[in-house]
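S.K.: Using this note's numbering, you'd call the opening residue of the sequence shown number 42 and step up by one each time.
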Amino acid sequence: ISHRKVAESYGISTTILFTHFQKVKHLASIPDNYLSNKVHHRQILKYEEEEELVEYLKLAMQSNHFLTHSEVRKLVYSFELGNGIECPAMWHEYHTAGEDWFTSFMKRNDCLSLRKAEATSQENMT
Numbered sequence: 042i043s044h045r046k047v048a049e050s051y052g053i054s055t056t057i058l059f060t061h062f063q064k065v066k067h068l069a070s071i072p073d074n075y076l077s078n079k080v081h082h083r084q085i086l087k088y089e090e091e092e093e094l095v096e097y098l099k100l101a102m103q104s105n106h107f108l109t110h111s112e113v114r115k116l117v118y119s120f121e122l123g124n125g126i127e128c129p130a131m132w133h134e135y136h137t138a139g140e141d142w143f144t145s146f147m148k149r150n151d152c153l154s155l156r157k158a159e160a161t162s163q164e165n166m167t
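Listed below in structure tokens is the structure:
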């Protein structure tokens, strides 16, 4: 069915309908994660890199290897260096990711729950 016939059947201008169609067509080509409100323009890790890190942390939690906040921050710093990703100068000074970055990371990835490591018996691990 053509734009013209649709415009006539709904009683709207063909120009307006075509303009709106072009906007929707443009939005369809944008990746879903681009429009996510959890992505910030000053975000250090790309969406894919952050997803990789989240999957690693989930895997570590499933194998009862719980990481503390400071261990995660050090892990992220190592990840940045290993992948040649540019990070703030303060990270290089302290060899760890910043506390504000970590807080934002945890807000963006609310599926993670980092807790203090507890003693786990051999029976509970299986």
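The beta-carbon is built from N, C-alpha and C at its ideal position, and this holds for glycine as well.
These figures come from a predicted structure and were not determined experimentally.
Do residue 86 and residue 98 count as a contact pair if the criterion is CB distance below 8 angstroms?
M.R.: No, they are not a contact pair.
S.K.: Alpha carbon to alpha carbon, how far is residue 63 from residue 46? Give it in angstroms, no decimals.
M.R.: Using only the alpha carbons, I get a separation of about 17 angstroms.
S.K.: Let's see if you can read the secondary structure: which residues bound the alpha helix (DSSP H) around residue 103?
M.R.: Element bounds for residue 103: 88 to 103.
S.K.: Here's a check: name, in chain order, each residue in its chain whose Cβ is nearer than 7 angstroms to the Cβ of residue 76, leaving out the five neighbours to either side.
M.R.: The predicted position of residue 76 is uncertain, since its pLDDT is 49 and thus under 50; a value taken from the coordinates is nonetheless stated next. Nothing meets the Cβ criterion.
S.K.: Three-state secondary structure (DSSP) at residue 76?
M.R.: With a pLDDT of only 49 at residue 76, under the threshold of 50, the placement of this residue in the model should not be trusted, and no figure is reported.
S.K.: Measure the Cβ-Cβ separation of residue 44 and residue 55 and say whether it is below 8 angstroms.
M.R.: Their beta carbons are under 8 angstroms apart, which means residue 44 touches residue 55 by this criterion.
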